[in-house]
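Protein chains in written order, with my numbering: chain B, 599 to 977; chain L, 599 to 977. Idealized CB from N, CA, C, for every residue including glycine. For clarity, every value in this text was computed on a predicted model and none was experimentally measured.
2 protein chains.
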Amino acid sequence: MKSKLFTPGPTKVPGAVLNAVGQQVLHHRSPEFSEKVRHVQDELGRLLQTHNDTLLFTCSGTGMMEAAVANLLSKGEKAVCVNGGLFGARWADICRVYGVEVVDVVLEWGKSIGPEELAKVLDEHPDAKVVFVIHSETSTGSLNDIRALAKVVEGHDAVMAVDATSSVGVHEIRMDEWAIDLIVAGTQKALMTPPGLAFVALNGRAWSLVSGSDLPKFYFDFTKTWKRLQKKGQTPFTTAVSLVYGLEVALAMMETEGWDNVYARHQRMGDAVRAAVITLGFDVLPEVPVNGLTVAVCPEGLDGNRVVRVLDDEFGVRIAGGQDRLSGKVFRIGHMGAIRERDLSMVIAALERALHEMGHPVKAGAGLSALQQVLLGTM
Amino acid sequence: MKSKLFTPGPTKVPGAVLNAVGQQVLHHRSPEFSEKVRHVQDELGRLLQTHNDTLLFTCSGTGMMEAAVANLLSKGEKAVCVNGGLFGARWADICRVYGVEVVDVVLEWGKSIGPEELAKVLDEHPDAKVVFVIHSETSTGSLNDIRALAKVVEGHDAVMAVDATSSVGVHEIRMDEWAIDLIVAGTQKALMTPPGLAFVALNGRAWSLVSGSDLPKFYFDFTKTWKRLQKKGQTPFTTAVSLVYGLEVALAMMETEGWDNVYARHQRMGDAVRAAVITLGFDVLPEVPVNGLTVAVCPEGLDGNRVVRVLDDEFGVRIAGGQDRLSGKVFRIGHMGAIRERDLSMVIAALERALHEMGHPVKAGAGLSALQQVLLGTM
């Protein structure tokens, strides 16, 4: 039995998207494929509520984060990295590899950064060129308020670069209105596409840094990619065409559901799963939780990785364990993208059974009742 | 009507591979997926006839070329780039972006480099650390004799790095026996997988350069990738899992056909298509032609790009035009991977009809007869 995915990315992919991905390949230099590229790029612009161009790349979200660093900065320049988890730490790691001076704003895992705190950092480092933030930190389930943070960054003559890999399609993002200068994201989470594609959108302020950057890049060169897109609706190098087909279908499904409905559904799912795990006696790790996944803290004596294994092996449901320093201490349930409210009882029921099997005290159905109460609107 | 692809990559993908690509995604951190990764990597080792580990990346062939440069070299070091076409020139471009000193060995497009010529270059540049070569130059259809070249490089204390994107699965490569230090390739050509995956294999000599390299890399870091593979059978960042499924099936199909049979089939297809276009009055551009594609030179007054367009629009067959300085001057017919002998009459018949329609003198069936004579063994 193949386990059902309730992981925080890659996520379960809808059948219609898989059908598109399994189509015979179009040549990446054909006019038909250019049309698809332009269509997907327009749709991503609508998703991010931006008039900026979006550029598609064949890589993971991390590749796109590296691209942002290599295109925005020059050697020896300074960047502020908001580091509240595994992915926040990655901004800092990438910057160091490229010889960028890092102001590493380390948060306790599970905490978000407040606008005042960021303002203080920028006051101390007025020469910082870029602030790198993770919108939804997948390792801790924490949400950063990028709207409030962008306002601070705008007032400090720096550029605000956001990784939105696990937030795009979960939490609304108004790129233009909120003055976010650059957004990168992978499409294998709430965008319901098999992994392998990522994209960036950037505004004029970000482009002005790009034109002065001296860091080496070739495959990830934004300028070359933008020129080729403008001229021919193509990517400079061979794209994962099959995944572009899939993304096109996935975006159309979201547009049909309605973006507002998509965000409201994720809010309900987040509320419901949080209520369920809290009722089962777990703390939720993040101070400000994202709606795409729930990170539950295991009490002393309960191994989070074993919870994941038992769910997978015995109950056919795959969730995720903690990463890095959280390994064994938490488990993470993904509920984004193709996951619907009707799917949630499966993962909570399996969780109750797994905990019971592991000898952890569980009141049968307690988590499920809490889930239902939220979904019925009675809690 | 969707055109049939006779392009030199991406190529037509077999139905069984598409079926695999369209499967529900496995989580990239699951043991089932690790098993697939290890299996594919073993199989790629058999393909390259090497005991070296192969590392998988989600990117195009160009991304993998950049990875080779960024992992092997340090700033200011010297590299010899054999530049006989668009992809050879790319080695030099990438090196320059990274501040590597380039010895640019420019060949006339269509020519291959001889071992004596390379020996002379290396005698003049004994401090060159790496020689970058394209095995099958897709822009010109030229083959470089990497076996003979590797012998020269081995005698000069440099490392031999080969791009084999359009040769792997077409021409036999004996990585270990021929002492090739590093090979990169994409899997969207003769390996019959939708675009988006690439790989590298490297030996101890190449690894010793990697350990001294100071160029920045993060997503393309070979050392980190190797460690994660050894420890867990995983890639450090999210892989295009769907494409790995496809590659696994494609490699199994090739193994079932038998590697020797695969190479012999490509030899016959190369011979047959070359005979056909020559009979139709065209010169074949390369001095030493590859077997995966045929590059035909258009006589004065015949626009190669129009040939491509008419074939596509009117006869449902998609070939490729010339790239860069060869635009309009040649057309390129791909015959690799999933293309079988039985498919060849379709493209030659369509070519005859397109040329006739364009007012170019054609003796009906002349190309087809030449094709058949080669396939029957009577020419």
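Please classify residue i as buried or exposed, where buried requires at least 16 other C-beta atoms within 10 Å of its C-beta.
i	result
residue 859/L	exposed
residue 649/B	exposed
residue 735/B	buried
residue 884/B	buried
residue 975/L	exposed
residue 640/B	exposed
residue 724/B	exposed
residue 842/B	buried
residue 809/B	exposed
residue 910/B	buried
residue 801/B	buried
residue 610/B	buried
residue 786/L	buried
residue 916/L	buried
residue 674/B	exposed
residue 828/B	exposed
residue 704/L	exposed
residue 950/B	buried
residue 959/B	exposed
residue 760/L	buried
Counting only C-beta atoms, is residue i closer than 8 Å to chain L at any point?
i	result
residue 936/B	no
residue 600/B	yes
residue 845/B	no
residue 970/B	no
residue 686/B	no
residue 808/B	no
residue 682/B	no
residue 619/B	yes
residue 890/B	no
residue 603/B	yes
residue 732/B	no
Cβ closer than 8 Å: which chain L residues qualify as neighbours of residue i?
i	result
residue 626/B	608, 793
Once DSSP output is grouped into helix, strand and coil, what is the label at residue i?
i	result
residue 978/B	One cannot answer for residue 978/B here, as it falls past the ends of chain B, which runs 599 to 977.
residue 679/L	strand
residue 713/B	helix
residue 756/B	coil
residue 844/L	helix
residue 699/B	strand
residue 876/B	helix
residue 967/L	helix
residue 821/B	helix
residue 800/B	strand
residue 976/B	coil
residue 814/B	coil
residue 735/L	strand
residue 668/L	helix
residue 938/L	coil
residue 761/B	strand
residue 561/B	Because chain B in this structure spans residues 599 to 977, residue 561/B falls outside the shown range and cannot be described.
Does any residue of chain B have a CB that is nearer than 8 Å to the CB of residue i?
i	result
residue 645/L	no
residue 670/L	no
residue 692/L	yes
I want to verify the contact list: residues of chain B whose CB lies under 8 Å from the CB of residue i, in sequence order.
i	result
residue 616/L	620, 621, 622
residue 784/L	836
residue 611/L	622, 623
Can you pull the chain B neighbours of residue i, defined as C-beta to C-beta under 9 Å?
i	result
residue 695/L	814, 815, 816, 819
Considering only heavy atoms of the ligand COA, does any lie closer than 7 Å to the CB of residue i?
i	result
residue 690/B	As for the ligand COA, it is missing from this structure, which has no ligand bound.
Practice task
Note down, in chain order, all residues in the segment 712-730 of chain L with a beta-carbon under 9 Å from any beta-carbon belonging to chain B.
Solution key: none
Residues in the segment 837-870 of chain B having any Cβ partner in chain L nearer than 7 Å
837, 838, 839, 840, 841
Using a Cβ-Cβ cut-off of less than 8 Å, list which residues of the segment 652-664 of chain B approach chain L; keep chain order. 656, 657, 658, 659, 660, 661, 664
ask   = Going along the chain, which residues of the segment 900-928 of chain L sit with their C-beta nearer than 7 Å to a C-beta in chain B?
value = Here the close residues are 916.
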